[in-house]
Every structure is written in structure tokens, then in C-alpha cells.
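A.B. asks: Let me begin by handing over the structure; questions about it come next.
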Amino acid sequence: MNELTVALGARSYPVWIGAGLIDDSPRWRAAIRGRHVLIVSNTTVAPLYLARVRAGLEGFLVDTHLIGDGESEKTFANVGEVLASLARLGATRDACIIALGGGVVGDLAGFAASCWMRGIDFIQMPTTLLAMVDSSVGGKTGVNLPEGKNLVGAFHQPRAVVADIDTLASLPDREYRAGLAEIVKGAAIGDAGFFAWLEDHADALEAREPTLLVEAIARKCAYKAGVVSRDETEQGERALLNLGHTFGHALETAGHYTTFLHGEAVAVGMVLAARLSERMGMAGSEDTARLSALLQRLGLPIAMPGGSDPDELLRLMRLDKKNTAGVLKLILWRGIGRAEIAPGVAEQDVLAVLGN
Ligand code: NAD
Ligand code: GLY
2 MNELTVALGA
12 RSYPVWIGAG
22 LIDDSPRWRA
32 AIRGRHVLIV
42 SNTTVAPLYL
52 ARVRAGLEGF
62 LVDTHLIGDG
72 ESEKTFANVG
82 EVLASLARLG
92 ATRDACIIAL
102 GGGVVGDLAG
112 FAASCWMRGI
122 DFIQMPTTLL
132 AMVDSSVGGK
142 TGVNLPEGKN
152 LVGAFHQPRA
162 VVADIDTLAS
172 LPDREYRAGL
182 AEIVKGAAIG
192 DAGFFAWLED
202 HADALEAREP
212 TLLVEAIARK
222 CAYKAGVVSR
232 DETEQGERAL
242 LNLGHTFGHA
252 LETAGHYTTF
262 LHGEAVAVGM
272 VLAARLSERM
282 GMAGSEDTAR
292 LSALLQRLGL
302 PIAMPGGSDP
312 DELLRLMRLD
322 KKNTAGVLKL
332 ILWRGIGRAE
342 IAPGVAEQDV
352 LAVLGN
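Numbering (our numbering), first residue to last: 2 to 357.
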């Protein structure tokens with residue numbers, strides 16, 4: 002078991018990573034302050050793990066709220082339904098939500114927790130690799146609108162993160178690899194030593210070797226926890242966590258969210274960002290080559306789908322939240338472990354990278 006802390010003064014919280022943690026209820030029950038607990042999960046995850054979470058909650062007033070599976074469930078309407086479940090439970094201000102599932106459940110349940118009585122506690126119990134290494138840590142919560150992804154939300158930090166790696170045994174291969182992309186991202190942004198470690202252990206990680214997996218998750222979470230501690234609300238440094246995202250979001254949108262999983266789009270986006278950095282004279286080609294090779298070894302895509310339209314992708318990239326009027330702001334790098342914010346990127350350079 003590995004434990005680290007997201008240091009935010011009085012709102013600091015532990016991230017526990019290891020095998021069998023769901024059954025170790027004395028550990029995570031201590032984070033619950035009141036009597037009411039609402040477990041939010043989805044129809045895929047609940048049959049696998051809900052009973053074990055409930056078994057650990059003897060003595061509390063517990064109810065369960067399930068949503069359907071998929072990104073399309075991350076809606077305002079479902080937040081309203083979670084709030085209605087809290088009302089039925091009679092949840093008081095010291096109530097706690099437990100988010101049991103992937104990033105969709107975690108983002109939605111966390112947002113509901115931020116709204117009920119202007120903010121109650123919640124515990125993240127991530128069950129996808131992506132949620133363990135990214136979405137469950139850092140307090141970004143929210144939902145999608147028909148107009149766009151993650152447009153509504155709140156910064157609301159959990160009381161604890163309980164990452165039980167045993168739950169990954171049932172995770173489909175493609176979802177697992179998408180999580181690996183987010184681990185590579187953390188190393189690519191700010192930790193060259195971790196990147197080299199990933200290169201050394203890529204085969205074991207691909208095979209889901211538990212000891213190495215715990216170490217990889219812990220190193221990524223520790224990196225993210227440090228960034229969040231220094232810049233909780235993304236006034237500066239936290240934007241670096243979006244390496245590959247401007248390209249990636251454009252690819253996801255162009256593919257109507259069916260071509261790539263988010264982590265896959267980020268993998269391709271990171272390679273495009275590396276190539277753009279090369280073109281702008283910021284980094285050498287050997288760094289792009291190492292990044293592409295590692296992603297490929299982990300079974301991730303590194304190229305845009307055939308038939309991608311550069312002009313369409315550039316149009317989508319102009320909508321990114323980081324941009325200011327008329328100017329593209331991207332996260333690029335000076336090489337492995339040295340990402341930085343590039344505030345004024347010329348559109349012809351982006352088009353050149355998208356065009357070949
Ligand atoms: P997801 O929640 O949709 O889960 C992926 C799939 O795996 C789903 O079908 C789910 O039912 C299934 N699943 C989950 N756990 C399982 C298990 N243990 N065994 C079998 N199946 C399981 O997707 P995700 O990749 O976990 O998260 C993506 C979401 O996270 C997006 O909405 C994205 O915007 C959000 N996100 C948020 C942050 C943040 O900082 N808050 C960061 C990154 C991503
Ligand atoms: N996933 C980016 C962030 O948490 O800031």
C-alpha cells in the first residue's frame with residue numbers, strides 16, 4: 002500500500018493506493034464525519050464492487066444512487082437526480098458521498114457534493130486507471146452540456162481517495178491503456194526520471210504487474226498532488242497538466258467521441274505537441290521519438306486517424322478554454338520532463354503539424 006497527501010492546509014487529504022483497499026473499511030470510514038452516506042456508482046461498476054463498499058458501512062444511514070454507463074450520463078439532469086437521492090436520505094451538512102467508478106462517476110458525484118447544502122464531503126473510490134491517476138485527485142468536478150464537455154463545474158476537493166488496484170482486474174484492456182497514457186503524460190510534463198523508469202518497465206506495466214502498477218500510480222499521483230498543492234485553481238502551473246489536450250480534444254470532437262477514448266486522444270495529442278515543439282525550435286526530434294516509442298509499446302495510438310482534416314482540427318483548437326482572443330495558447334515542451342505554456346503559437350505551424 003502506498004499513501005501520499007494532497008497538501009492543501011486544512012483541506013489536505015490522503016490518497017491510498019494498493020490492493021484490497023475497498024475491504025479495508027476502517028481506514029476510509031474514518032474520513033466520514035456524519036451519519037449519512039450516499040454511494041454513487043454506475044450500472045457496470047455497481048454489480049462488481051458495490052456490495053463490498055456497503056459491507057464496510059455498517060452503522061451509517063446508507064443509500065445508493067446508480068447512473069447509466071458512459072460519458073453521455075455526465076449531465077446536469079443526473080446531478081439533479083443525485084441531489085434528490087440525498088434529499089430522500091435526509092442528508093445533513095455532515096453527509097458524505099462515495100463516488101465508486103471511473104472519471105464520469107467521480108466528476109458527477111463530486112459536483113453533486115459541491116452543490117448539496119453548498120458543499121458536503123465526498124470520497125473518491127476510482128475504479129479505472131485513468132480515474133486513479135488523474136480525475137480522482139485534484140478536485141476538478143463537473144458535468145457536460147450539449148454545447149461542450151466539462152463546461153460546468155466546481156473545484157471541490159475530496160476527503161480521501163481510495164484507489165484499490167484489485168478493481169483494475171475487470172477493466173477492459175483499451176480503458177487500461179488509456180489510463181497508461183495519463184501516466185506517461187505526467188512523466189512527459191515534469192519528471193524525466195519517471196519517464197525513464199516507465200521506459201524500463203513498460204512491458205510489466207502493460208502486463209498489469211501489481212507492484213509496479215502501484216508505484217506508477219503513486220508517482221503520477223504524487224506529481225499531480227504537488228502541482229495541485231501549488232496551484233489548486235489553475236492560475237498558472239496546473240495548466241501544464243493539459244499537455245496534448247488541445248490537440249486531443251479537437252481529435253475527440255472531430256471523431257464525435259467514438260474514434261478515440263480520452264487517453265488515446267491525449268496520446269496522439271502529446272506526439273503532435275512534441276512535433277510542434279520541434280518545429281518551433283523548442284525541442285529535438287529525439288524526444289519526440291522516445292515519447293512515440295513508449296506510447297507505442299504501451300499499445301497506444303500515436304497518429305491521427307486517416308482522413309483527418311487539418312482545417313477542421315484547427316477550428317476546433319481555436320475553441321480551447323486556454324486561448325485568449327485570437328491567440329492559440331498551447332502546452333508544449335523543451336523535451337522530456339520540461340513542459341511549458343507557449344502563449345502565442347502561430348496557426349501556420351499548427352497546420353503544418355496537422356498536415357503531415
Ligand atoms: P468512465 O468513467 O466512463 O469509465 C470507463 C469505462 O470503464 C466505463 O464503461 C465504466 O463503466 C467502466 N469501468 C469503470 N471501472 C471499471 C472496472 N473496474 N471494471 C470494469 N469496467 C469498469 O471513464 P474514465 O476514463 O474513467 O473517465 C473519463 C472521464 O473523466 C471524462 O468525463 C473526463 O472528462 C473525466 N476526467 C476528469 C478529470 C478531472 O480532473 N476531474 C481528469 C481527467 C478526466
Ligand atoms: N486533468 C487536469 C487537471 O486536473 O487539472
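Even for Gly, the Cβ is constructed at its ideal location relative to N, Cα and C.
Please confirm whether residue 129 and residue 172 have their CB atoms less than 8 Å apart.
C.D. replies: As a position in the sequence shown, residue 129 is number 128, starting the count at 1. As a position in the sequence shown, residue 172 is number 171, starting the count at 1. Yes, the pair counts as a contact, with Cβ atoms nearer than the cut-off.
A.B. asks: Starting from the N-terminal side, write out each stretch of the alpha helix (DSSP H) that is 4 residues or longer and does not extend beyond the region 142-225.
C.D. replies: Within the region 142-225, the complete alpha helix (DSSP H) runs of at least 4 residues are 174-191 and 193-207.
A.B. asks: Excluding sequence positions up to five away, which residues of its chain have a Cβ less than 8 Å from the Cβ of residue 146?
C.D. replies: Here residue 146 is taken as the residue at index 145 of the sequence shown, counted from 1. Once the five neighbours on either side are set aside, the close Cβ partners of residue 146 are 77, 152 and 153.
A.B. asks: Considering only C-alpha positions, which residue in the set 89, 57, 139 and 48 is nearest to residue 102?
C.D. replies: Translated into positions along the sequence shown, residue 102 becomes position 101. Nearest C-alpha to residue 102: 48.
A.B. asks: Exposed or buried, what is residue 2 when buried is set at 16 or more other beta-carbons lying within 10 Å of its beta-carbon?
C.D. replies: Looking up residue 2 in the sequence shown gives position 1. Exposed, by the Cβ-count rule.
A.B. asks: Which partner residues of residue 334 appear in the DSSP bridge assignment?
C.D. replies: As a first step, residue 334 must be located in the sequence shown, where it is residue number 333. According to DSSP, which records beta bridges pairwise, residue 334 is partnered with 340.
A.B. asks: Any idea what DSSP makes of residue 32, helix, strand or coil?
C.D. replies: What you label residue 32 is simply residue 31 of the sequence shown in a count that begins at 1. If DSSP states are grouped into helix, strand and coil, residue 32 belongs with coil.
A.B. asks: Cα-Cα, which of 345, 198, 122 and 316 is closest to residue 94?
C.D. replies: As a working mapping, residue 94 is identified with position 93 in the sequence shown. That would be 122, whose Cα lies nearest to the Cα of residue 94.
A.B. asks: Do residue 218 and residue 161 have their CB atoms nearer than 8 Å?
C.D. replies: Locating residue 218 in the sequence shown gives position 217, counting from the first residue. Locating residue 161 in the sequence shown gives position 160, counting from the first residue. No; because the gap between Cβ atoms is not below 8 Å, this pair is not in contact.
A.B. asks: Per DSSP, residue 325 is paired with what?
C.D. replies: Translated into the one-based positions of the sequence shown, residue 325 becomes position 324. In the DSSP output, where bridge partners are listed per residue, residue 325 has 328.
A.B. asks: Can we count residue 221 as close to the ligand GLY, meaning its CB is less than 7 Å from some heavy atom?
C.D. replies: By 1-based counting over the sequence shown, the position of residue 221 is 220. Not so, every heavy atom of the ligand GLY lies at least 7 Å from the Cβ.
A.B. asks: Would you decide whether residue 187 is buried or exposed? Buried here means 16 or more other CB atoms lie within 10 Å of its CB.
C.D. replies: Looking up residue 187 in the sequence shown gives position 186. Classification of residue 187: buried, given that the 10 Å Cβ count is 16 or more.
A.B. asks: What are the complete beta strand (DSSP E) segments, minimum 3 residues, inside the region 108-140?
C.D. replies: Listed in chain order, the complete beta strand (DSSP E) runs (minimum 3 residues) inside the region 108-140 are 122-127.
A.B. asks: Whole angstroms are fine: how far does the CA of residue 347 sit from the CA of residue 271?
C.D. replies: Reading the sequence shown from its first residue, position 270 is the one you call residue 271. Reading the sequence shown from its first residue, position 346 is the one you call residue 347. One C-alpha to the other measures close to 18 Å.
A.B. asks: Would you kindly work out how many angstroms separate the C-alpha atoms of residue 180 and residue 245, rounded to a whole number?
C.D. replies: Within the sequence shown, numbered from 1, the residue matching residue 180 stands at position 179. Within the sequence shown, numbered from 1, the residue matching residue 245 stands at position 244. If I take the Cα positions, the gap works out to 14 Å.
A.B. asks: Does the Cβ of residue 104 have 16 or more other Cβ atoms within 10 Å, making it buried, or fewer, making it exposed?
C.D. replies: Walking along the sequence shown from the start, residue 104 turns up at place 103. That one is buried.
A.B. asks: Does the beta-carbon of residue 257 have 16 or more other beta-carbons within 10 angstroms, so that it is buried, or is it exposed?
C.D. replies: In the sequence shown, the residue the question calls residue 257 occupies position 256. So residue 257 ends up on the exposed side.
A.B. asks: Could you check the C-alpha separation between residue 112 and residue 100 for me, to the nearest Å?
C.D. replies: Residue mapping note: residue 112 aligns to position 111 of the sequence shown, counting from 1. Residue mapping note: residue 100 aligns to position 99 of the sequence shown, counting from 1. In a straight line, the C-alpha of residue 112 is about 11 Å away from that of residue 100.
A.B. asks: So is the beta-carbon of residue 42 under 7 Å away from any non-hydrogen atom of the ligand NAD?
C.D. replies: Taking the sequence shown and counting its residues from 1, one reaches residue 42 at position 41. Not under cutoff, so the answer is no.
A.B. asks: How is residue 7 classed by DSSP in three states: helix, strand or coil?
C.D. replies: Locating residue 7 in the sequence shown gives position 6, counting from the first residue. Three-state result, residue 7: strand.
A.B. asks: Hey, could you find the ends of the beta strand (DSSP E) residue 302 is sitting in?
C.D. replies: Within the sequence shown, numbered from 1, the residue matching residue 302 stands at position 301. Neither: residue 302 is in no beta strand (DSSP E) and is coded neither H nor E.
A.B. asks: Could you check the C-alpha separation between residue 286 and residue 279 for me, to the nearest Å?
C.D. replies: As a first step, residue 286 is located in the sequence shown; it is residue number 285 there, counting from the start. As a first step, residue 279 is located in the sequence shown; it is residue number 278 there, counting from the start. For residue 286 and residue 279, the distance between alpha carbons rounds to 6 Å.
A.B. asks: Using three-state DSSP, classify residue 13 as helix, strand or coil.
C.D. replies: As a first step, residue 13 must be located in the sequence shown, where it is residue number 12. It is coil, neither helix nor strand.
A.B. asks: What residue range is occupied by the uninterrupted alpha helix (DSSP H) comprising residue 251?
C.D. replies: Reading the sequence shown from its first residue, position 250 is the one you call residue 251. Here the alpha helix (DSSP H) through residue 251 covers 246-255.
A.B. asks: For residue 65, which of helix, strand or coil comes out of DSSP?
C.D. replies: Sequence index remark: in the sequence shown, residue 65 carries index 64 (1-based). The answer is strand: DSSP assigns residue 65 an E or B state.
A.B. asks: Residue 85 lies in the alpha helix (DSSP H); which residues open and close that run?
C.D. replies: Indexing the sequence shown from 1 puts residue 85 at position 84. Residue 85 -> alpha helix (DSSP H) spans 77-90.
A.B. asks: Out of 249, 82, 329 and 295, which has the shortest C-alpha to C-alpha gap to residue 114?
C.D. replies: Residue 114 sits at position 113 when you count from the first residue of the sequence shown. The option with the nearest alpha carbon to residue 114 is 82.
A.B. asks: Suppose you measure from the CA of residue 69 to the CA of residue 335; what does that come to, to the nearest Å?
C.D. replies: Counted from its first residue, the sequence shown places residue 69 at position 68. Counted from its first residue, the sequence shown places residue 335 at position 334. Taking the straight line joining both Cα atoms gives about 42 Å.
A.B. asks: Going by other Cβ atoms of all chains shown within 10 Å of its Cβ, with 16 needed for buried, is residue 118 buried or exposed?
C.D. replies: Here residue 118 refers to the residue found at position 117 of the sequence shown. Its Cβ having fewer than 16 others within 10 Å, residue 118 is exposed.
A.B. asks: Where residue 24 and residue 43 are concerned, what is the direct C-alpha to C-alpha distance, given to the nearest angstrom?
C.D. replies: Stepping through the sequence shown from its first residue, residue 24 is reached at position 23. Stepping through the sequence shown from its first residue, residue 43 is reached at position 42. Their Cα atoms are separated by approximately 19 Å.
A.B. asks: Quick one: grab the DSSP three-state call for residue 268.
C.D. replies: Here the question's residue 268 lines up with position 267 in the sequence shown. Residue state, collapsed to three classes: helix.
A.B. asks: Please state whether DSSP places residue 314 in a helix, a strand or coil.
C.D. replies: Taking the sequence shown and counting its residues from 1, one reaches residue 314 at position 313. Helix.
A.B. asks: Which partner residues of residue 243 appear in the DSSP bridge assignment?
C.D. replies: Numbered from its first residue, the sequence shown carries residue 243 at position 242. Residue 243 is not bridged to any residue.
A.B. asks: Grouping DSSP H, G and I as helix and E and B as strand, with all else coil, what is residue 354?
C.D. replies: Working through the sequence shown from its first residue, we reach residue 354 at position 353. In the structure shown, residue 354 sits in a helix (DSSP, three-state: H, G or I).
A.B. asks: Pick helix, strand or coil for residue 284, following the three-state DSSP scheme.
C.D. replies: Counting from 1 along the sequence shown, the entry for residue 284 is found at position 283. Residue state, collapsed to three classes: coil.
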